[in-house]
Amino acid sequence: MLPAETEKDPVCGMTVSATAPERASFEGRTYHFCCAGCRERFEKDPRSVLAGAPSPMPARLPEAGGGDWICPMHPEVASDRPGACPLCGMALEPRVPVAGAAPNPELTDMTRRFWVSAALTAPVVAMAMAPVDNAAIPWLQAILAGIVVAWGGQIFFARALASLGNRRWNMFTLIGLGVAVAYGYSLAVLAFPDAFAELARDRRGAVGVYFEAAAAIVTLVLLGQVLELRARARTGAAIRALLDLAPQRALRIRADGADEEVSLGEVRVGDRLRVRPGEKIPVDGRVLEGQSAVDESMLTGEPIPAAKGPDDRLVGATLNGSGALVMRAERVGTETLLAQIVRLVGEAQRSRAPIQRLADVVSGVFVPAVVAVAALAFVVWALVGPAPRLPHALVAAVSVLIIACPCALGLATPMSIMVATGKAASAGVLFKNAEALEVLHKVDTLVVDKTGTLTAGKPELVAVIATGGVAEGELLRLAASLERASEHPLAAAIVRGAAARGVTPGEATAVEALPGRGIRGRCEGRAVALGNARLLAELGVEAGDASARADELRAAGQSVAFLCVGGRLAAVLGLGDPIKDGAAEVIAALRAEGVRTVMLTGDGRATAESVGRALGLDEVIAEVLPADKASAVEKLQAAGRLVAMAGDGINDAPALARADVGVAMGTGTGVALETAGVTLLGGDLRGLLRARRLSRATLSNIKQNLFFAFVYNALGVPIAAGVLYPLLKLQLTPELAAAAMALSSVSVVGNALRLRAARV
C-alpha cells in the first residue's frame, strides 16, 4: 500500500506527493503530476492518457535479500537467499544491487576453484602426453584428476543432480554425466584391468584412460563460469553507480531553527533541509529560500546549470552551485526520481536475455538426445555386438558421451567474442557483453542523444552581433571583463571566445550575479550588463530590431545573451554547442545502410531541430524526461524496430538499458558507460561504424563455429555409437573420441582467431 499522501502520476507512472503543485482536474477528480510537462500532456487529451495509464508501481523498490534473489534467465524464479536456479542451474542474483555491495561470493568461489583445478590439471595433461612407461603415472593422474573432479566440479554435479530431479535437463546435466563417465570409466580400467583385457591398448600396451579429459572439462567449464559471472557483475555495477550518486547525509532544520545532520533514511516528506554551496541536493523537493544555480546535467545532459529560486523544483543527487538554499522535501527514499531511474534501469537489464533462454531450450533437447543415444548404443552392443559384448557396449556408450561433451559447442561463441572484443578495443570500441556484439549489426533504428553525443557538450562563443557603433573587440572586452568574475559555463565560454579572438579582458567592479537573468557591474566607469531577455525587461532596455537577430540565432540552435552598455543595447551574443567531427559522416553512412536515425533529447525544440536539420536526421524528439526516453525506445521496439541507443548522460541510462543495444560515449558519465553494452572510447561516434562492421564479421564467425560444432556432433555421435561397424568393422574408441573432441575445439579456436585480420 502506498502512503495516503502519495499517488501515481497518470502520465509517467511516477509516485507524486498529493501536495505537489502540478495538478489538474478531470471529471470531478484532481490528478497530481511530477512536472509541468506531464500536466500539459494530460490536459491536452486526458481520456487517452487515462486509457493508457501505466500499471501501478510497487510502493518500494525491491532490495537485495528479503526474498528478492532471482534468476537472470528465469525472472519468475525467486528465493529469499542466494543459490542456484532449479531450472537452468545459473546462480541467483539480487533483484536490485545495493550501494557498496561486497564481492559476489559465487564469483569468488568459482575463481578459487578454477585456479586450483588449472594447477592440478596441467600435470595430468602433461603426464598423459609424456612418452614415459611407469605404472605409478596412471594412479597419480587418477589422484590429481579426482581432486579436480570431486572438488572443482562439485558444484556442477550438484546442479546436474538437481536438473535430473526436477526433470529440467540443461548443460550441467551433460557436463556432469560426461565428466562422471569419463573419470568413472578410467578409474574402473585402472582398478580392474583384467575386466578390460580385450579392449584396444595404447602405445604402452595399457588400456586407455581419460583422466586428463575429465579434469580438462571441469577446468574449462569453471573458466567459462568465471567469465560469465564477471560480465553479470557489471550489470549490477551500473545500478550501484546510480545509487552511489545520492548523498549519504542531509542537513535538516529543526523546529527551533537549529541545523542537525541526519542520514538520508531519516529524512521525511515535509522536512526543511539546508543545502550549502557545492553540496548535492539530498532528496526531491522545492526551494523555500535562497537563489542558486544547480547542475542538473545528470538528468538533462546539459552542461549549463539551471537557475533556482523560491518554489522551483529540485531533484535529489543534483549538484548545488555557489548559492545557499533551504528546501522542502517532497519525495524521499525510493520515491525520488533517482530511485525511479534505478528501477527503470534494473527492469530493462533483466528483460534482455533472449540468447541465454534460447541456448537453454536447445540444451534441454540436446542433452536428453545424447544420453538416449549413449544408452541405446550400450543396449545394442550388449545384445548383438561382437564378443566380448559388455566391454564393447561400455566403450560405445563412453565414446558417445565423451565425443558429445559440449566443449566445441561451448567454445563456439565465447572464442569469437573473446577475439572480437580484443580486436574492438584496438579500434576504439569496448563491448561489454556478447549480446551487444551479436545484435549491433542487425539494428535498423539508431536513437541518439544530442549533447555530448552528436555535439561536443561544451558551449562556445559563436556570434557577436553589434547593434550600435561599438567595435566587436571592444564589446568582447567589456563582456569578458564582466563574466570573468562569474562561474557560469556560458560566462566561461565568453571569456574563452574573447581570448581566442585576441581580446584581453579588463577589470570589473560592483559585479552582481542575477540568478535566472544574468550579471551586471561597472567596467571603466560604464555600467555593463549581460543576460537574457528578462534582464533587458528589468533594465527597461528595448531590444528593437535585435529581437529578430536573436530569433535567428535561436533557430540556429544557439543560446542568446544581450550585452547592455550605459543603459543601451550594444550587442547580441550567440553561444552554441558545436556538432562533433564525424557526426554527419556517421549519420549519412547509417542512413545509406537503411538505418533510421532519431534524436532523443531533453533540449529545447528549436535547438534540437536545428541540429537535426544540420545532420539530416530522420526524426527529432525534444524536451523529454529520462523516463520518457525509455518509453520512446520501447515504443519503437513495439513497432518491430531493432533499436540502438547512443548517449552519454545519467539521463540516458534507462533508455540505454531498454534498447536492444546501448552505446555510450567514452567521455560520458560512469553510469552511462556501465549501463551500455558498447562504449565508444574517446567519444568518437565514428566508432559506431567500426563496431557494426565488427559485429557483422563476428556473427558470421560464430555461425561458422556453430556449424563446425554441430556437424562434428552430427557425424561424431553416430560413429561413436557404432553405425559404421556393420559395414567397415570400425568402432570409435574413447581415445579416438577424445582426439576428435580436441580436434573440434581446435577448429573452432582456429576459425575464431581469423577475426584478428577482419577489416573494420
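Residue numbering for the sequence shown follows the working numbering, beginning at 185 and increasing consecutively. Glycine included, every Cβ here is placed at the ideal spot set by N, Cα and C. These numbers were taken from a predicted model, which means no experiment stands behind them.
Within 10 angstroms of the Cβ of residue i, are there 16 or more other Cβ atoms? Answer buried if so, exposed if not.
{"i": "Ala532", "result": "Bear in mind that the predicted position of Ala532 carries a pLDDT of just 42, short of 50, making it too unreliable to give a figure here."}
{"i": "Phe376", "result": "exposed"}
{"i": "Pro570", "result": "exposed"}
{"i": "Phe891", "result": "exposed"}
{"i": "Ala841", "result": "buried"}
{"i": "Ala732", "result": "exposed"}
{"i": "Ala310", "result": "exposed"}
{"i": "Arg943", "result": "exposed"}
{"i": "Asn350", "result": "exposed"}
{"i": "Asn885", "result": "buried"}
{"i": "Val332", "result": "buried"}
{"i": "Val290", "result": "It should be pointed out that residue 290 corresponds to Glu in this sequence rather than to Val. With 16 or more other Cβ atoms within 10 Å, it is buried."}
{"i": "Met313", "result": "exposed"}
{"i": "Val568", "result": "exposed"}
{"i": "Pro910", "result": "exposed"}
{"i": "Asn318", "result": "exposed"}
{"i": "Met461", "result": "According to the sequence shown, residue 461 is Pro rather than Met. Looking at its Cβ environment, which holds fewer than 16 other Cβ atoms inside 10 Å, Pro461 is exposed."}
{"i": "Thr637", "result": "buried"}
Alpha carbon to alpha carbon, how far is residue i from residue j?
{"i": "Thr651", "j": "Ser815", "result": "45 Å"}
{"i": "Lys887", "j": "Arg938", "result": "14 Å"}
{"i": "His216", "j": "Ser209", "result": "9 Å"}
{"i": "Thr639", "j": "Trp253", "result": "41 Å"}
{"i": "Tyr394", "j": "Gly330", "result": "12 Å"}
{"i": "Pro270", "j": "Phe340", "result": "13 Å"}
{"i": "Val363", "j": "Ala611", "result": "40 Å"}
{"i": "Val725", "j": "Lys764", "result": "37 Å"}
{"i": "Leu869", "j": "Arg223", "result": "36 Å"}
{"i": "Ile359", "j": "Ile401", "result": "8 Å"}
{"i": "Glu622", "j": "Leu883", "result": "6 Å"}
{"i": "Leu498", "j": "Thr635", "result": "22 Å"}
{"i": "Gln125", "j": "Gly441", "result": "This structure does not reach residue 125, given that the chain is present from 185 up to 944, and the question cannot be answered."}
{"i": "Ala268", "j": "Arg343", "result": "8 Å"}
{"i": "Val971", "j": "Phe356", "result": "Because the chain spans 185 through 944 in this model, residue 971 falls outside it and cannot be assessed."}
{"i": "Ala323", "j": "Val373", "result": "Here residue 323 turns out to be Trp, not Ala, going by the sequence shown. Rounded to whole angstroms, Trp323 to Val373 spans 11 Å at the Cα level."}
Enumerate in chain order the residues of its own chain whose CB-to-CB distance from residue i is below 8 Å, with the five nearest sequence positions on each side excluded.
{"i": "Ala727", "result": "Ala717, Leu720, Ala734, Phe746 and Leu753"}
{"i": "Val779", "result": "Val627, Asp628, Thr629 and Leu630"}
{"i": "Leu757", "result": "Leu645, Ala647, Val648, Ile649, Ala663, Ile678, Leu714, Val744, Ala745, Phe746 and Leu747"}
For my contact list, residue i and residue j are in at a C-beta cut-off of 8 Å; report their separation, rounded to the angstrom.
{"i": "Gly824", "j": "Glu807", "result": "The Cβ separation is near 26 Å, so there is no contact."}
{"i": "Met511", "j": "Leu457", "result": "5 Å"}
{"i": "Val471", "j": "Gly500", "result": "14 Å between Cβ atoms; not a contact."}
{"i": "Thr781", "j": "Val632", "result": "7 Å"}
{"i": "Ser670", "j": "Ala697", "result": "6 Å"}
{"i": "Val451", "j": "Pro431", "result": "At roughly 10 Å, the Cβ-Cβ gap does not stay under 8 Å, so Val451 and Pro431 are not in contact."}
{"i": "Ser447", "j": "Arg433", "result": "6 Å"}
{"i": "Asn889", "j": "Ala941", "result": "Going by Cβ atoms, the distance from Asn889 to Ala941 rounds to 16 Å, so no, they are not a contact pair."}
{"i": "Lys464", "j": "Thr518", "result": "With a Cβ gap of about 18 Å, Lys464 and Thr518 do not count as contacting."}
{"i": "Val453", "j": "Ala513", "result": "6 Å"}
Looking only at its own chain, which residues have a Cβ that is under 6 Å from the Cβ of residue i, when we skip the five neighbours before and after it?
{"i": "Ala491", "result": "Ala477, Pro699 and Gly700"}
{"i": "Ala668", "result": "Before going further, note that residue 668 is Arg rather than Ala in the sequence given. Val679 and Pro689, listed in sequence order."}
{"i": "Ser370", "result": "Val393, Tyr394 and Phe395"}
Enumerate in chain order the residues of its own chain whose CB-to-CB distance from residue i is below 7 Å, with the five nearest sequence positions on each side excluded.
{"i": "Gly690", "result": "Arg661, Ser665, Cys707 and Glu708"}
{"i": "Gly796", "result": "Met783 and Val804"}
{"i": "Pro230", "result": "Phe210"}
{"i": "Gly934", "result": "none"}
Just tell me which of the options has its CA closest to the CA of residue i.
{"i": "Ala616", "options": "Glu736, Val847, Val564 and His576", "result": "A small correction: the amino acid at residue 616 is Lys; Ala does not occupy that position in the sequence shown. Minimum Cα distance to Lys616 is reached at Val847."}
{"i": "Glu396", "options": "Ala618, Arg343 and Ile327", "result": "Ile327"}
{"i": "Ala399", "options": "Gln325, Val459 and Phe356", "result": "Gln325"}
{"i": "Ile407", "options": "Met849, Met602, Glu658 and Ala344", "result": "Reading off the sequence, residue 407 comes out as Leu, not Ile. It is Met602."}
{"i": "Gly507", "options": "Val901, Val568, Gly867 and Asp479", "result": "Asp479"}
{"i": "Phe298", "options": "Val308, Gln409 and Asp495", "result": "Gln409"}
{"i": "Leu361", "options": "Ala875, Gln821 and Gln338", "result": "Gln338"}
{"i": "Tyr896", "options": "Asp440, Val584 and Asn504", "result": "Val584"}
{"i": "Leu560", "options": "Leu912, Pro910, Ala905 and Leu916", "result": "Ala905"}
{"i": "Ala675", "options": "Gly606, Ile703, Ala268 and Val907", "result": "Ile703"}
{"i": "Lys642", "options": "His672, Val453 and His625", "result": "His672"}
{"i": "Asp971", "options": "Arg877, Pro489, Leu509 and Asn504", "result": "A query on residue 971 cannot be resolved here, the shown segment of the chain reaching from 185 to 944 and no further."}
{"i": "Leu873", "options": "Ala898, Thr305, Leu624 and Glu722", "result": "Leu624"}
{"i": "Leu956", "options": "Phe226, Ala366 and Asp455", "result": "The shown model of the chain, from 185 to 944, leaves out residue 956, and the question about it has no answer."}
{"i": "Glu722", "options": "Glu658, Val516, Val817 and Gly751", "result": "Gly751"}
{"i": "Ala604", "options": "Val300, Val582, Arg880 and Leu912", "result": "Arg880"}
{"i": "Glu769", "options": "Gly871, Phe550, Gly831 and Met849", "result": "Gly871"}
{"i": "Gly505", "options": "Pro489, Ala513, Thr520 and Glu514", "result": "Pro489"}
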